[in-house]
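J.: Got a structure for you, written out below as structure tokens; questions coming shortly.
Residue numbers (the UniProt record's numbering): 1 to 350.
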């Protein structure tokens with residue numbers, strides 16, 4: 001009679017695991033909810049973690065202790081080789097986001113003694129990209145987009161006012177759709193952004209121009225939209241309910257490319273980027289821009305200083321040899337035409 005082979009320490013340890021990796025991931029998201037993280041943050045973590053859980057399950061890795069450093073490095077290589085529907089690879093930032101989400105989950109598992117060590121801490125993450133804002137509109141382009149919008153109808157006026165507010169205040173898309181009527185104070189020209197990114201409240205200024213458009217919307221358009229039902233949101237649909245984020249994305253994108261005839265990608269965030277860049281061009285302090293935009297770190301705001309280059313353009317024009325020659329030629333040409341101009345003016349007086 002042969003003796004049965006005793007289970008290996010690994011098999012014995014796994015047999016005591018009562019929950020799968022997927023179940024632990026779901027509990028982690030419940031923990032985020034209990035800790036006060038926003039629904040959008042929870043959704044973002046789920047979008048980052050679910051593909052990894054499915055990837056592990058496809059390879060027979062159903063429990064967290066089965067995930068070693070070699071497994072994580074294999075997933076990292078898979079992410080590098082992954083191609084989206086359009087054929088493009090994931091950016092380094094997207095890869096970093098997904099791997100950071102896994103590292104946060106594994107820290108949580110270690111604290112709860114689900115795993116004995118954290119292999120995710122030993123994973124070499126890709127360097128964080130320091131990318132410039134995708135697109136920035138000039139003052140003329142921004143004004144052209146807004147001016148081209150049709151504001152003679154109820155929905156047209158509402159859409160125009162939304163973009164005016166986005167440009168004036170620099171609020172994010174999610175913050176704009178969450179605004180309530182009580183968050184607006186036109187007499188003071190301010191707007192309360194509640195539970196913005198990072199669950200932080202802030203007060204932002206609203207320019208006189210935006211306030212005038214808002215007053216027009218509140219007096220003429222919003223009452224018609226809220227005739228049957230009123231959710232209390234500042235910007236509402238024809239049913240009186242708050243707007244979905246995708247509604248703003250489609251509307252802003254259409255305004256830029258179709259109505260404004262600009263060959264530039266982007267939607268709501270373009271107005272936020274443009275507002276910050278234009279204010280810096282006009283001499284605004286970076287700290288003030290940081291407070292308006294609601295950035296936690298000054299470094300995030302300082303990226304706009306790399307876009308606002310009007311000062312660099314002036315220095316380049318004044319000091320670059322090729323530009324100095326062009327400037328000298330233009331000055332010489334103006335000086336040559338000055339006597340004729342004066343002579344003409346003198347003969348006219350006679």
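Backbone N, C-alpha and C define an ideal beta-carbon position, used for all residues, glycine too.
Along the chain, where does the alpha helix (DSSP H) containing residue 192 start, and where does it finish?
T.: Along the chain shown, one-based indexing puts residue 192 at 192. Not the alpha helix (DSSP H): residue 192 falls in the beta strand (DSSP E), residues 190-193.
J.: In terms of DSSP beta bridges, what is residue 184 paired with?
T.: Indexing the chain shown from 1 puts residue 184 at position 184. Its beta-bridge partners are 191.
J.: Could you check which residue in 272, 53 and 42 has the C-alpha nearest to that of residue 198?
T.: For this step, residue 198 is matched to residue 198 along the chain shown. The shortest C-alpha separation from residue 198 is found at 42.
J.: Whole angstroms are fine: how far does the CA of residue 29 sit from the CA of residue 168?
T.: The residue you call residue 168 lines up with position 168 of the chain shown. The residue you call residue 29 lines up with position 29 of the chain shown. Straight-line Cα distance between these residues: approximately 35 Å.
J.: Nearest-angstrom Cα distance between residue 17 and residue 62?
T.: In the chain shown, residue 17 corresponds to position 17, counting from 1. In the chain shown, residue 62 corresponds to position 62, counting from 1. If I take the Cα positions, the gap works out to 10 Å.
J.: If you follow the alpha helix (DSSP H) that residue 51 is in, where does it begin and where does it stop?
T.: Taking the first residue of the chain shown as position 1, residue 51 is located at position 51. Its alpha helix (DSSP H) spans residues 39-58.
J.: Does residue 200 have its Cβ less than 7 Å from a Cβ in chain C?
T.: Checking the listed chains, one finds no chain C in this structure; it contains a single protein chain.
J.: Considering only their Cβ atoms, is the gap separating residue 67 from residue 22 smaller than 7 Å?
T.: One-based indexing of the chain shown puts residue 22 at position 22. One-based indexing of the chain shown puts residue 67 at position 67. Their beta carbons are not under 7 Å apart, which means residue 22 does not touch residue 67 by this criterion.
J.: Relative to the C-alpha of residue 179, which residue among 152, 207, 245 and 97 is closest?
T.: Working through the chain shown from its first residue, we reach residue 179 at position 179. Considering only alpha carbons, the answer is 245.
J.: Buried or exposed: which applies to residue 81, given that a residue is buried once 16 or more other Cβ atoms fall within 10 Å of its Cβ?
T.: Within the chain shown, numbered from 1, the residue matching residue 81 stands at position 81. The residue is exposed, with fewer than 16 neighbouring Cβ atoms inside 10 Å.
J.: Cα separation between residue 273 and residue 304?
T.: As a working note, residue 273 is residue 273 in the chain shown. As a working note, residue 304 is residue 304 in the chain shown. Taking the CA atoms as reference points, residue 273 sits about 8 Å from residue 304.
J.: Write down every uninterrupted run of the beta strand (DSSP E) in the segment 59-94 whose length is 3 residues or greater and which is fully enclosed by it, in chain order.
T.: none
J.: Per DSSP, what kind of secondary structure is residue 126 in: helix, strand or coil?
T.: Counted from its first residue, the chain shown places residue 126 at position 126. Coil.
J.: Take residue 208 and list the residues in its own chain whose beta-carbon comes closer than 8 Å to its own, dropping the five residues that flank it on each side.
T.: Here residue 208 corresponds to residue number 208 of the chain shown, with the count starting at 1. The answer, listed in chain order, is 189.
J.: Excluding sequence positions up to five away, which residues of its chain have a Cβ less than 6 Å from the Cβ of residue 139?
T.: By one-based count along the chain shown, residue 139 stands at place 139. Non-local beta-carbon contacts of residue 139 in its own chain, meaning distances under 6 Å to residues more than five positions away in sequence, involve 278 in chain order.
J.: Leaving out the 5 sequence neighbours to the left and right, which residues in its chain are closer than 8 Å to residue 83 when beta-carbon positions are compared?
T.: Numbered from 1 along the chain shown, position 83 holds the residue referred to as residue 83. These residues qualify, in order along the chain: 89.
J.: Quick one: which unbroken beta strand (DSSP E) runs of 3-plus residues sit fully inside the segment 97-174? Chain order, please.
T.: none
J.: Could you give the distance in angstroms between the alpha-carbon of residue 27 and the alpha-carbon of residue 121?
T.: Taking the first residue of the chain shown as 1, we reach residue 27 at position 27. Taking the first residue of the chain shown as 1, we reach residue 121 at position 121. Taking the straight line joining both Cα atoms gives about 21 Å.
J.: Using only CA atoms, which one of 177, 108, 24 and 215 lies nearest to residue 249?
T.: Position 249 of the chain shown, counted from the first residue, corresponds to residue 249. For the residues 177, 108, 24 and 215, the minimum Cα distance to residue 249 belongs to 177.
J.: Would you call the segment 220-227 and the segment 246-266 touching, i.e. three or more CB-CB distances under 8 Å?
T.: no
J.: For the alpha helix (DSSP H) holding residue 223, just list the boundary residues, first then last.
T.: Position 223 of the chain shown, counted from the first residue, corresponds to residue 223. Bounds of the alpha helix (DSSP H) holding residue 223 are 222-225.
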